[in-house]
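Asker:
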Amino acid sequence: MSLKLQEQKIVNFEELQIKQRKNILYLVFKYLLIVFFGISLTTILLMSPLTIFANKILKFNSLQFFLNYTDSSQKTLSFLIIYKIILLLFILFYSVFINYNNLLMYKQNIKVYIPLYITYFSLSIISIGLIFGYFTKESSEMLNLIYILVPLFLIRLYDLTLRYSIGKKQDPTLYKSLKPLLLTLISKGILFLISITIFVIWPLSSPGLFNDYTIKNTFYTTIREIFEVNNFKNFMIIISSFVFLGILLLGNFSYSIIYLMNKKVKPESFKHFIHMSLVTLSSSLIWFIRTIFYKTKTVDIINNPINQNYFYLFLILFIVLIFIGFIFIIKKIKNNLKASLISLIVLGVEQLLFWSVYFITILVNNSATVNMINLSIIILFSLISYVIFFTKYKSLNNISSLFFITNFVIMSVTLSIFGFNQLFLVPENYNLIFYTINSNLSITQIVTAVQLASIICYLVYLLIKMIIILSTITKLSENIKGV
């Protein structure tokens, strides 16, 4: 009996060692991706004139000519720059985030995943290399970048097939049917073929991508006429195309939908991505702080007096007071069943006050420097608030986690837009593209309003949840008294 017990202990010890080795490997891969992504994104943003706006191929290497349509060559170059950065950033983000997500999916089979991990990582490195090193004014050569989707598509097909074969053993109920896999593969295949076909046919239609006085591109002309000529045929083509695209996207995310329907999405999955979204926000903040120190031209395109009143910097004092109030209340909240929800409401109210005051400030103050200083302080104190919250409450429900991720992404976008606006106001880059939209609000004001709206929606959700909990407790108390 003692011999059997000893053998069982040895087996258990060996299993524990295997789990520990897997866990170490998982953590190494995870933090390697996080560090790589953080450094890559920060570097891309810090060198954005070269990396994002490819000033190397613009006239006089100046961003003044970005989205400058004075002639067809500038229009074509601007399109090629946008095409290049969208495609390569998609490859970078997609390969990193899929790789990052897969670490959780393959956590118990981490050794099996190593070849895929290396392949996805290699694609990320290739995309970085192309962002920093590939510049050409030739349309056909630039459009050939679309072929980078081929290895990504093939890797993804193998990845999904491998996941299905492993999933059948680990979760037979979720992976019992082959239909979701086939639907996903077919949807991805069609989207892939459409993307490749468009960027192969387009440059073949004529020497130029767009129409000018001497050359007409038949592909561009056809697409443009569909959207510009008002008739029933074009209307049906547009509606059918959007419906078809919607069906393909649903098919593309069929496994995600099944996970949600079967309530298989664990809080750990969202928490996993909170880390990555925090890295994205931190990278954006580092670059944004750098842009504050750019020497810019004064913007006055509608004859409004430029308000350089630094009185609005007193907003920082108000932010600090709100932050101190947040810390004081969070420390006072006792740990009980409702503590997490109350703390979330307090955090939400703090964010609401931050962004409400800031939104009012940018409506009445048009000094870009003052607004950017205030924004950097708000983001910084917001980050500290979130870190304080996470140290006290380790677990979150899926909706709260999703809100945090969304909030971090919106804040990153807000920082990026404000930063790009500042970059375009530098004398050698002077370009007013952020001031030329047909709206009563500027782009910077619009993204701030979106941030504010997302916080309000989340607070409404929290308050409804609190009311439901309180009403449930009240009913239970009444039932107990009745007994």
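FYI, in this note's numbering the residues of the sequence shown are 165 to 647. Note that the Cβ used here is the ideal one computed from N, Cα and C, for glycine as well.
(1) Excluding sequence positions up to five away, which residues of its chain have a Cβ less than 6 Å from the Cβ of F545?
(2) Please tell me whether I450 and I537 are closer than 9 Å, where the distance is taken between their beta carbons.
(3) Let's test the definition: count the other Cβ atoms within 10 Å of the Cβ of K639 and tell me whether it reaches 16, buried, or not, exposed.
(4) Counting beta carbon pairs with one atom in the region 312-332 and one in the region 217-234, are three or more of them shorter than 8 Å?
(5) Is it true that the region 276-293 meets the region 236-247, where meeting means three or more beta-carbon pairs spaced less than 8 Å apart?
(6) First and last residue of the alpha helix (DSSP H) that includes E389?
(7) Go ahead and label L560 buried or exposed: buried means 16 or more other beta carbons lie within 10 angstroms of its beta carbon, across all protein chains shown.
(8) Can you tell which of E514, Y522, F457 has the C-alpha that lies nearest to the C-alpha of F478?
(9) Could you tell me which of V192, H436, I365, M440 sits nearest to T386, measuring between CA atoms?
(10) Check M211 in the structure and name its three-state DSSP category.
(11) As a quick exercise: from F201, Y622, S447, I548, pick the residue whose alpha carbon is nearest that of S286.
(12) Express the C-alpha separation of I358 and L349 in angstroms, rounding to a whole number.
(13) Counting Cβ pairs, one atom from each stretch, are 3 or more of them under 8 Å apart for the region 262-282 and the region 318-332?
(14) Going by the CB atoms, is the gap between Y419 and P344 shorter than 9 Å?
(15) Using beta-carbon positions only, say whether T444 and Q586 come within less than 9 Å of one another.
(16) My understanding is that S565 touches K397, with C-beta atoms under 8 Å, so please give their C-beta distance in whole angstroms.
(17) Along the alpha helix (DSSP H) that carries F588, what are the first and last residues, could you check?
(18) Taking the continuous alpha helix (DSSP H) assigned at I290, which residues delimit it?
(19) Could you spell out where the alpha helix (DSSP H) holding A532 opens and where it closes?
(20) Note down, in chain order, each residue of its chain lying with its Cβ closer than 6 Å to the Cβ of L209, except the 5 sequence neighbours on either side.
(21) Report the three-state DSSP secondary structure of P315 (helix, strand or coil).
(22) Can you tell which of I628, L342, T207, T361 has its C-alpha closest to the C-alpha of I506?
(23) How about S303 and T382: are their beta carbons less than 9 Å apart?
(24) Three-state secondary structure (DSSP) at F457?
(25) Exposed or buried, P651, counting other C-beta atoms within 10 Å across all chains shown (16 or more means buried)?
(26) Which same chain residues end up closer than 8 Å to F391 when comparing Cβ atoms and leaving out the 5 residues on each side of it in sequence?
(27) Measuring CA to CA, which of I203, M575, N562, I541 is closest to Y423?
(28) The alpha helix (DSSP H) that contains L352, what's its start and end?
(29) Looking only at its own chain, which residues have a Cβ that is under 7 Å from the Cβ of V614, when we skip the five neighbours before and after it?
(30) To which residues of the same chain is L517 closer than 6 Å at the C-beta, ignoring the five residues directly before and after it?
Answerer: From the atom records:
(1) Excluding residues within five positions, the ones whose Cβ falls inside 6 Å are I483, F487.
(2) No, the Cβ-Cβ distance between I450 and I537 is not below 9 Å.
(3) Answer is exposed; the Cβ neighbour count stays below 16.
(4) No, the region 217-234 does not touch the region 312-332.
(5) Contact between the region 276-293 and the region 236-247 is absent: fewer than 3 CB-CB pairs across the two stretches fall below 8 Å.
(6) For E389, the enclosing alpha helix (DSSP H) begins and ends at 382-392.
(7) By the Cβ-count criterion, L560 is buried, with 16 or more other Cβ atoms from all chains shown falling within 10 Å of its own Cβ.
(8) Comparing Cα positions, the closest option is Y522.
(9) Nearest option by C-alpha distance: I365.
(10) Look at M211 here: in three-state DSSP terms it is coil, with no helix or strand label.
(11) The shortest C-alpha separation from S286 is found at F201.
(12) Their backbone Cα atoms lie some 14 Å apart in a straight line.
(13) Taking a contact to require three or more Cβ pairs closer than 8 Å, the region 262-282 and the region 318-332 qualify as touching.
(14) At the C-beta level, P344 and Y419 come within 9 Å of one another.
(15) Inclusion of T444 and Q586 in the CB contact set at 9 Å is not warranted, their separation being larger than that value.
(16) Between K397 and S565 the Cβ distance is about 46 Å, and since that is not below 8 Å, they are no contact.
(17) F588: member of the alpha helix (DSSP H) spanning 562-588, first to last residue.
(18) Per DSSP, the unbroken alpha helix (DSSP H) holding I290 starts and ends at 274-297.
(19) Looking at the DSSP string, the run of the alpha helix (DSSP H) that includes A532 is 532-556.
(20) These residues qualify, in order along the chain: W451.
(21) P315 falls in the helix class under three-state DSSP.
(22) Taking only the C-alpha atoms, the option nearest I506 is I628.
(23) Result no, Cβ atoms of S303 and T382 do not sit closer than 9 Å.
(24) In the three-state reduction of the DSSP assignment, F457 falls in the coil class, being assigned neither a helical nor a strand state.
(25) Shown here, the chain extends from 165 to 647; a query on residue 651 therefore has no answer.
(26) Within the same chain, Cβ atoms closer than 8 Å to the Cβ of F391 are found at N398, I402, the five residues on either side in sequence being excluded.
(27) When each option's Cα is compared against that of Y423, the closest is N562.
(28) Strictly speaking, residue 352 in this sequence is Lys, with Leu absent from that position. Its alpha helix (DSSP H) spans residues 343-368.
(29) Correct list, in chain order: I574.
(30) If the five residues before and after L517 are omitted, its C-beta is found closer than 6 Å to the C-beta atoms of I486, all from its own chain and listed in chain order.
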